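Asker: Quick note: the sequence shown uses the working numbering, first residue 1, plus one each step. C-beta atoms are modelled at their ideal positions from N, C-alpha and C, and glycine is treated no differently. In this text, all values refer to a predicted model and were calculated from it rather than measured experimentally.
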Amino acid sequence: MFGLFKKSKIVRKSNNLDDTTTKWFNGQKVKIKSGTTSVSNRRNQNRKPKNPTWFRETPLPVPSVEKKQMLISSSNGVSKVAILEGPTLVQYYSSENTGKSKVGNIYLGKVKNVLPGMEAAFVSFGEEKNGVLYVADIEGSTKASKIENLLKPDQEILVQVVKDAMGEKGARLTGQISLPGRYLVLIPNSKTKGISRRLSDNERDRLDRIIRKIKPNNFGVIVRTAAEGVSEESLKVDVDKLVEEWETVSNYKSGDAPKLIHQEPDVFLKVIREHLNTTFKKLLIDQKSQFEEIKDYVQQTSPEIVGIVDHYQDELNLFERYHIEDQVKKALDRKVWLPSGGHLIIDPTEALTVIDVNTGKFVGKNSLEETVYENNIEAAEEIARQLRLRDMAGLVVIDFIDMEKFANRRSIEKKLKESLKSDRSKIQVGKISSFGLLEMSRQRIRSSIKEGVYTPCSNCDGTGLIRSIDSRSLELLRTISEISIRENIKKIDADIPSEILNYLVNQKRNLLIDLENNKDTSINFYGNAILRGNENKIRAFDLNNNELNDLAKVLKKQRQLLLNLDKEITGFNIGVNAGIDAGQSIMHCHIHLIPRRKGDVEDPRGGVRGVIPEKQKYKRK
Numbered sequence: 001m002f003g004l005f006k007k008s009k010i011v012r013k014s015n016n017l018d019d020t021t022t023k024w025f026n027g028q029k030v031k032i033k034s035g036t037t038s039v040s041n042r043r044n045q046n047r048k049p050k051n052p053t054w055f056r057e058t059p060l061p062v063p064s065v066e067k068k069q070m071l072i073s074s075s076n077g078v079s080k081v082a083i084l085e086g087p088t089l090v091q092y093y094s095s096e097n098t099g100k101s102k103v104g105n106i107y108l109g110k111v112k113n114v115l116p117g118m119e120a121a122f123v124s125f126g127e128e129k130n131g132v133l134y135v136a137d138i139e140g141s142t143k144a145s146k147i148e149n150l151l152k153p154d155q156e157i158l159v160q161v162v163k164d165a166m167g168e169k170g171a172r173l174t175g176q177i178s179l180p181g182r183y184l185v186l187i188p189n190s191k192t193k194g195i196s197r198r199l200s201d202n203e204r205d206r207l208d209r210i211i212r213k214i215k216p217n218n219f220g221v222i223v224r225t226a227a228e229g230v231s232e233e234s235l236k237v238d239v240d241k242l243v244e245e246w247e248t249v250s251n252y253k254s255g256d257a258p259k260l261i262h263q264e265p266d267v268f269l270k271v272i273r274e275h276l277n278t279t280f281k282k283l284l285i286d287q288k289s290q291f292e293e294i295k296d297y298v299q300q301t302s303p304e305i306v307g308i309v310d311h312y313q314d315e316l317n318l319f320e321r322y323h324i325e326d327q328v329k330k331a332l333d334r335k336v337w338l339p340s341g342g343h344l345i346i347d348p349t350e351a352l353t354v355i356d357v358n359t360g361k362f363v364g365k366n367s368l369e370e371t372v373y374e375n376n377i378e379a380a381e382e383i384a385r386q387l388r389l390r391d392m393a394g395l396v397v398i399d400f401i402d403m404e405k406f407a408n409r410r411s412i413e414k415k416l417k418e419s420l421k422s423d424r425s426k427i428q429v430g431k432i433s434s435f436g437l438l439e440m441s442r443q444r445i446r447s448s449i450k451e452g453v454y455t456p457c458s459n460c461d462g463t464g465l466i467r468s469i470d471s472r473s474l475e476l477l478r479t480i481s482e483i484s485i486r487e488n489i490k491k492i493d494a495d496i497p498s499e500i501l502n503y504l505v506n507q508k509r510n511l512l513i514d515l516e517n518n519k520d521t522s523i524n525f526y527g528n529a530i531l532r533g534n535e536n537k538i539r540a541f542d543l544n545n546n547e548l549n550d551l552a553k554v555l556k557k558q559r560q561l562l563l564n565l566d567k568e569i570t571g572f573n574i575g576v577n578a579g580i581d582a583g584q585s586i587m588h589c590h591i592h593l594i595p596r597r598k599g600d601v602e603d604p605r606g607g608v609r610g611v612i613p614e615k616q617k618y619k620r621k
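(1) Short of 7 angstroms in beta carbon distance, which residues of its chain neighbour R42, apart from the five on each side in sequence? Order them along the chain.
(2) Between the alpha carbons of L531 and L438, how many angstroms are there, rounded?
(3) Does DSSP put F280 in a helix, a strand or coil?
(4) Indicate whether Y183 and R224 have their beta-carbon atoms separated by less than 7 angstroms.
(5) Can you tell me the Cα-Cα spacing of Q287 and S95, whole angstroms?
(6) Return the CA-CA distance between Y526 and L465, expressed in angstroms with no decimal places.
(7) Mind checking N217: buried by the 16 CB within 10 Å criterion, or exposed?
(8) Using alpha carbons as the reference points, say which of I294, V90, L150 lies closest to V327.
(9) Where do the ends of the beta strand (DSSP E) carrying Q160 lie?
(10) In the DSSP assignment, find the unbroken alpha helix (DSSP H) run with N506 in it and report its ends.
(11) Use the C-beta contact count for M392: other C-beta atoms within 10 angstroms, 16 or more gives buried, fewer gives exposed.
(12) Would you call the CB atoms of S473 and I500 closer than 7 angstroms?
(13) Find the nearest neighbour of D256 within the set F219, Y107, G170, judged by alpha-carbon distance.
(14) Tell me where the beta strand (DSSP E) around A82 begins and ends.
(15) By Cβ distance, which residues of its chain are closer than 7 angstroms to D208, with the 5 residues on each side in sequence left out?
(16) Buried or exposed for G3, going by 16 or more other Cβ atoms inside 10 Å?
(17) State the start and end residues of the unbroken alpha helix (DSSP H) segment that holds L150.
(18) Does the distance from the CB of E156 to the CB of S254 come in under 7 angstroms?
(19) Please check the pair I569 and P595, which I expect to be a contact at CB under 8 angstroms, by giving their CB distance rounded to whole angstroms.
(20) Looking only at its own chain, which residues have a Cβ that is under 6 angstroms from the Cβ of V429, when we skip the five neighbours before and after it?
(21) Give a single yes or no on whether S441 has its beta carbon closer than 6 angstroms to a heavy atom of the ligand FAD.
(22) Thinking just about the alpha-carbon of each residue, which of I305, G126, V363, Q69 is nearest to the one in V230?
(23) Bridge partners of V328, per DSSP?
(24) According to DSSP, is R43 helix, strand or coil?
(25) Answer with buried or exposed for I591, where buried requires no fewer than 16 other C-beta atoms within 10 angstroms of its C-beta.
(26) Between G181 and the rest of its own chain, which residues show a CB-CB distance below 6 angstroms, the 5 nearest in sequence each way excluded?
(27) Take every Cβ of the segment 293 to 310, pair it with every Cβ of the segment 125 to 142, and state whether three or more of those distances are shorter than 8 angstroms.
(28) If we count the other Cβ atoms within 10 Å of its Cβ and call it buried at 16 or more, is D637 buried or exposed?
(29) Where do the ends of the alpha helix (DSSP H) carrying L389 lie?
(30) CA-CA distance, K67 and Y252?
(31) Starting from the Cα of L186, find the closest Cα among E247, A136, T142, K143 and give me that residue.
(32) Going by DSSP, name the residue or residues bridged to T88.
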């Protein structure tokens, strides 16, 4: 499974029978015995043997894989965390994509807009996109509260990110701050008290008695699943640490918004805090500095399991040794194979993720119903793993293969729910419909692995499809025809993709000639190898030399006038807007003379200075 076992292969030949060495070959530590066949004839002893013996590498046994373990590897400034159940990767985190996450960070934000119709406000917190804060998430709000009575534009407010920005949506914010610890979550200015429902009734009762003793005044507490079996002393240490953390956060200075107040720890410490418990049998770290840091952290927070923390010192990379990267690559594939030969097709969309279950190569033995049922059972288990591994979230629709028996459908639902019990995210699972569809939802907090690794294709805008050359060519000709009629333009120049130019010249030459003759317009196409997809750059007019000279004179006079009025001006930017790309519906030449002043950035960019502040990049921050 997962390429853990490799076939032996030839590595070298030798004339020495007694030579035995241990070396590394293709990621495996091997013992090599070398030598040649015996030579019976003494006359041939000094000759090169005709039939040398070729000896093969023998892979050493695959490392023993504990029932559940965590691997942490760091290289080139990127930290990666893998959680294994047996040899199977079930969760994967990387600072390369999760490091961009702002979830858990606390900011001093500034209210930009208040929208009573949406019962929400847009808050600037230092990122490119403003975050969204709903009235229900404002500290001290009630069901009857109106957001316009709680927040005003330019008001400073302490906010925490609960969901990262995704696509066109800004980050989801909350004013109800919470500080996660190893065993519990502390909520300032709250009376909340909750205990994980995953724990048994007896354990919940025990923890409830402890929390009543140690809960500080004016703080709410939510006890996590990791607190199972933890002593009162350890819980008290966690509470005291979080109270101290809140004191630091609450001592912010007003007037500095937007500003980062508190940042979540590195990805490896965050994963340890969220996931590590007594069910893990091993925690391996390959970097010495991280090993010491993690061991100290576990010693402080969970001394009872510090013994599972170990420093990996083998010559082979930790993730390569446990075949993690291979499994991550498979997690990004659209098709996922099942043990019996069936497969899943996973297609994420903007609105939801669709998972299609297929029998593939699996043909079964007895009946169609039995074959389909066995395939669906395997699919239910694998889907639960894929949800965690890919960190899929939002609405998920699973198209199981149709089953006639009601009992089989209920059995599949039960299997899926059982497989999802180890998932820490909030999940709701529906029932299989008469069409074989099952709807479920999984809590969305951050981007999935695929969203963190891939970017949408610039050619197809992430759709996976582009228009045919014929269709794109005809659309281009229609656009040029409309421009020539609307503006009565006599000359049109267009930069177009090279493949479109070749197609027009070879296949649509007559249309081009007719277009020029009928519109009395000179049309010039220029092939551009850089342009892709539907990109075109159309220049519907050009200024003649006399017009250019006149404009230069005007700009020179205006420049001198501004220099006389403002001595702080150190230079000028010239902005020229013309054509469709500039958003013009009526074609005209549009020029801005934009002054640069002391304190500006080295390469100022943006629109007219001060007119649209959020679009300009002049002043240093």
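Answerer: So, from the listed chains and residues:
(1) Note that R42 has pLDDT 46, beneath the 50 cutoff, so the model's placement of it is unreliable and no number is given.
(2) Taking the CA atoms as reference points, L531 sits about 43 angstroms from L438.
(3) coil
(4) yes
(5) 15 angstroms
(6) In this model, Y526 and L465 are separated by some 25 angstroms (Cα to Cα).
(7) exposed
(8) Here the sequence assigns Gln to residue 327, which means Val is not the residue at that position. When only C-alpha atoms are compared, the closest one is V90.
(9) Counting along the chain, the unbroken beta strand (DSSP E) around Q160 starts and ends at 156 to 163.
(10) From DSSP, the alpha helix (DSSP H) with N506 extends over 498 to 507.
(11) buried
(12) yes
(13) Per the C-alpha coordinates, the member of F219, Y107, G170 positioned closest to D256 is Y107.
(14) 78 to 85
(15) Same-chain partners within the cutoff: I195.
(16) Annotation note: pLDDT 42 at G3 (below 50); position unreliable, no value reported.
(17) 147 to 150
(18) The answer is yes: Cβ separation under 7 angstroms.
(19) 5 angstroms
(20) K417, M440
(21) Absence of the ligand FAD from the depicted structure is noted, as is the absence of any ligand whatsoever, leaving it without description.
(22) Nearest of I305, G126, V363, Q69 to V230, Cα basis: I305.
(23) Bridge partners of V328: none, in fact.
(24) Because the pLDDT of R43 is 48, which lies under 50, any placement of that residue in the model is unreliable, and the number read from its coordinates should be weighed accordingly. Of the three classes helix, strand and coil, the one that applies to R43 here is helix, per DSSP.
(25) exposed
(26) When the five nearest sequence neighbours on each side are left out, the beta carbons in the same chain lying within less than 6 angstroms of the beta carbon of G181 are those of D238, L242, in order along the chain.
(27) Not touching, per the Cβ criterion.
(28) With the chain running from 1 to 621 in the structure shown, residue 637 is simply not present.
(29) 368 to 390
(30) Rounded to the nearest whole angstrom, the CA to CA distance from K67 to Y252 is 45 angstroms.
(31) Taking L186 as reference, the option from E247, A136, T142, K143 with the minimal CA-CA separation is E247.
(32) E85
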